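Asks: For the sequence shown, position 36 (counting from the first letter as 1) is numbered 311 according to the working numbering, and the numbering increases by one without interruption.
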Amino acid sequence: MANVYEFLANGFEEIEGLAPVDILRRGGVDIKTVSITGSEFVETSHGVTVKADLKFEDVADFNNADILLLPGGMPGSTNLNAHEGVKAALKKQFEAGKRVGAICAAPMVLASCGILDGKKATCSPGFEQYFNASTTYTGELIQEDGNVITGEGPVATLPYAYKILSYFIGEDAVKDLETKMQFTHLMTR
276 MANVYEFLAN GFEEIEGLAP VDILRRGGVD IKTVSITGSE FVETSHGVTV
326 KADLKFEDVA DFNNADILLL PGGMPGSTNL NAHEGVKAAL KKQFEAGKRV
376 GAICAAPMVL ASCGILDGKK ATCSPGFEQY FNASTTYTGE LIQEDGNVIT
426 GEGPVATLPY AYKILSYFIG EDAVKDLETK MQFTHLMTR
């Protein structure tokens, strides 16, 4: 079974944090939300309080992770970027050749870790200013480059989450879930 962890900081964007959890769990993937606040409770960018599955300090390591995810939102992304434990886990994951993902403002965290060096990446317009000169900003809805996936922003959340799900279940199963959730209807309008 796949192991996915998503780090949550105060100020994360609701849809970018919770829609991937919803989609991956519907697809049968074990995704755990991990609070970096010191509490299991995390406040979103719009004042909604969410209870995470785990607290960062209660996880010995993330060595069993297949992918580590970062939702965007402000100040959530700057809070993630200020957390040395999150950045160490991301670097270790990436250096092991395993997947990392970030959406909206959160690719700035990957950039600050050197993970986007020499990569193609996307983010919410304006946050590419945090990219190293060797990173190619594409402005795409989602961008994959090796073991890194980035998403542009809130509107990209569903395609981003379905793409991540496709790493763990077959394309036909993903398409079936997209149909059940009316995503295919949206994309054919």
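Cβ coordinates follow ideal geometry from the N, Cα and C atoms, glycine included.
Model, not experiment: these values are computed from the prediction.
1) Looking only at its chain, what residues have a beta carbon closer than 6 Å to the beta carbon of SER310, apart from the 5 residues adjacent to it on each side?
2) If we define contact as Cβ-Cβ less than 8 Å, is ARG374 a contact residue for chain D?
3) To the nearest angstrom, how far is the alpha carbon of HIS460 from that of THR454?
4) Would PRO382 be called buried (16 or more neighbouring beta carbons within 10 Å of its own) or exposed?
5) Would ALA386 be called buried (16 or more neighbouring beta carbons within 10 Å of its own) or exposed?
6) Sort LEU355, ALA364, THR353 by Cα distance to ALA335 and report the nearest one.
7) By the DSSP assignment, the beta strand (DSSP E) with GLY426 in it spans what residues?
8) Between the segment 365 to 384 and the segment 398 to 414, can you find at least three pairs of beta-carbon atoms closer than 8 Å?
9) Please return the same chain residues whose Cβ sits closer than 6 Å to the Cβ of LEU344, not counting the five positions on each side in sequence.
Replies: Straight from the coordinates:
1) LEU283, VAL317, ALA327, LYS330
2) Of the protein chains in the structure, only one exists, and it is not chain D.
3) 7 Å
4) That one is buried.
5) buried
6) ALA364
7) 423 to 426
8) yes
9) Only GLU281, GLY376 meet the Cβ criterion.
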